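If you read the sequences in order, they're chains A and B.
Its first residue numbered 369, the first sequence is counted upward by one per residue in the numbering used here.
Its first residue numbered 369, the second sequence is counted upward by one per residue in the numbering used here.
Ideal Cβ positions, reconstructed from N, Cα and C, are used throughout, including at glycine.
Remember, predicted model here, so these are calculated numbers, not experimental data.
Remarks on the structure that follows.
Protein chains: 2
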Amino acid sequence: MEGMEKSPSAAAEQAWIALLRSQQLLLARVEAALKAADLPPLAWYDVLLELSREPETELRQFEIGERVLLSKHNLSRLLDRLAAEGLVKRQACDSDGRGNVVTITKKGLQLRERMWPVYGAAIKELIEGPLSAAQIRSLGDIMQALLQNLR
Amino acid sequence: MEGMEKSPSAAAEQAWIALLRSQQLLLARVEAALKAADLPPLAWYDVLLELSREPETELRQFEIGERVLLSKHNLSRLLDRLAAEGLVKRQACDSDGRGNVVTITKKGLQLRERMWPVYGAAIKELIEGPLSAAQIRSLGDIMQALLQNLR
DNA sequence: CTGTTATAGTTGCAATTGCAACTATCACTC
DNA sequence: GAGTGATAGTTGCAATTGCAACTATAACAG
């Protein structure tokens with residue numbers, strides 16, 4: 369009764385564990401690189417990046433939350449910090465009295481630009497270093513497939 | 369001057385982002401599955417698993433830390449919780465007066481066994497569901513390569 | 001031995017996260 | 001337009017994490 373197993377195959381288990389570990393270590397490396405350069409954590413970058421895609425456009429808070437995968441209360445307080453640093457501006461939304469719209473400030477744009485070289489270099493080293501171009505493509509495809517499955 | 373770029377290629381960046389996102393979502397799914405079954409978080413499983421590989425053998429605290437990728441103070445307190453629940457036993461090490469040795473209890477073994485079906489089913493669904501056998505092999509290989517690079 | 005440095009682990013404190021409860025507005029139905 | 005349920009966001013509180021300082025032992029050089 370092959371297909372009825374509820375446990376994963378050995379290959380899947382091994383891949384899962386390697387995925388878990390490497391992700392943990394990769395993330396730690398990136399965070400360490402940012403910290404070493406006296407820069408804020410990755411979560412700040414993510415939010416700033418989303419906002420800087422179209423710097424003029426206001427984003428609703430929940431839109432940011434969807435893109436960055438942050439729970440709303442969590443995002444609420446992250447934005448508190450970002451706003452306190454003058455990196456974003458949060459205003460009441462006139463078309464929806466419950467909500468806020470958020471825009472990035474000049475200072476926020478600048479910070480994101482300062483973060484990117486450090487972040488980018490880390491990605492380059494950690495991904496392009498050990499992997500061939502074919503592997504990178506393959507990694508991208510596989511991760512996309514995993515993501516599809518999570519919708 | 370192609371090779372001198374400090375930014376990652378578009379493919380590498382895309383793969384990185386997909387990796388980041390999928391890992392985040394996968395982990396959330398697994399944790400949610402455990403919680404839904406009234407089971408403790410994944411970190412507990414990891415520690416219990418390492419200890420249950422040879423249930424008779426005592427492990428030094430730092431050995432657990434190495435295998436589970438947990439900072440020492442973090443592990444120290446996680447073991448506090450596990451010990452408080454009677455899942456592990458922590459004793460002074462006689463061959464090294466600074467250290468502790470940790471063993472898993474019957475109750476700890478039983479908990480790990482109760483966790484595995486839930487965890488395993490989640491892995492099966494999340495990894496084997498969307499990926500072909502070849503992709504799973506490929507994923508394992510790629511993650512290994514990334515890990516190698518992190519030594 | 002004695003002094004120095006490294007290792008194992010714990011603890012206090014601040015920052016972050018997760019959860020549940022709460023407020024306010026919106027959208028929809030009757 | 002009053003009532004109901006959903007949505008956007010905030011807040012309080014407890015649990016977890018990260019960091020730095022601390023204790024105690026070990027290991028090693030002279």
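Within chain A, no residue has its beta carbon less than 8 Å from that of residue 432 (chain B); the closest one is some 15 Å off. About 4 Å separates the beta carbon of residue 472 (chain B) from that of residue 419 (chain B), a gap short enough to meet the 8 Å contact definition. Residue contact with chain A for residue 418 (chain B): absent (no Cβ-Cβ distance below 8 Å to any residue of chain A). Put simply, of B:475, B:493, B:515 and B:512 the residue whose alpha carbon is nearest the alpha carbon of residue 375 (chain A) is B:493. Within the stretch 374-385 of chain A, contact with chain B at the beta-carbon level (separation under 9 Å) is assigned to 374, 375, 376, 377, 379, 380, 381, 382, 383, 384 and 385. Buried is the label assigned to residue 480 (chain B), since at least 16 other Cβ atoms lie within 10 Å of its Cβ. One alpha carbon belongs to residue 469 (chain B), the other to residue 484 (chain B), and they sit about 25 Å apart.
A buried status is given to residue 380 (chain A), since no fewer than 16 other beta-carbon atoms sit within 10 Å of its beta-carbon. With three or more CB-CB distances shorter than 8 Å, the stretch 396-416 of chain A counts as touching the stretch 428-442 of chain A.
Bounds of any beta strand (DSSP E) do not take in residue 386 (chain A); it lies within the alpha helix (DSSP H) bounded by 378-404.
Between the alpha carbons of residue 394 (chain B) and residue 508 (chain A) lies a distance of about 16 Å. In the structure shown, the three-state DSSP call for residue 468 (chain A) is strand. For residue 478 (chain B), no Cβ of chain A is located within less than 8 Å of the residue's own Cβ. Following the DSSP letters along the chain, one finds residue 421 (chain B) in no beta strand (DSSP E), marked with neither H nor E. Taking a Cβ-Cβ threshold of 7 Å, the residues of chain B close to residue 489 (chain A) are 374, in chain order. Secondary structure at residue 458 (chain A): strand, using DSSP grouped into helix, strand and coil. The three-state secondary structure of residue 445 (chain A), taken from DSSP, is helix. Using a Cβ distance threshold of 8 Å, residue 511 (chain A) and residue 450 (chain B) do not count as a contacting pair.
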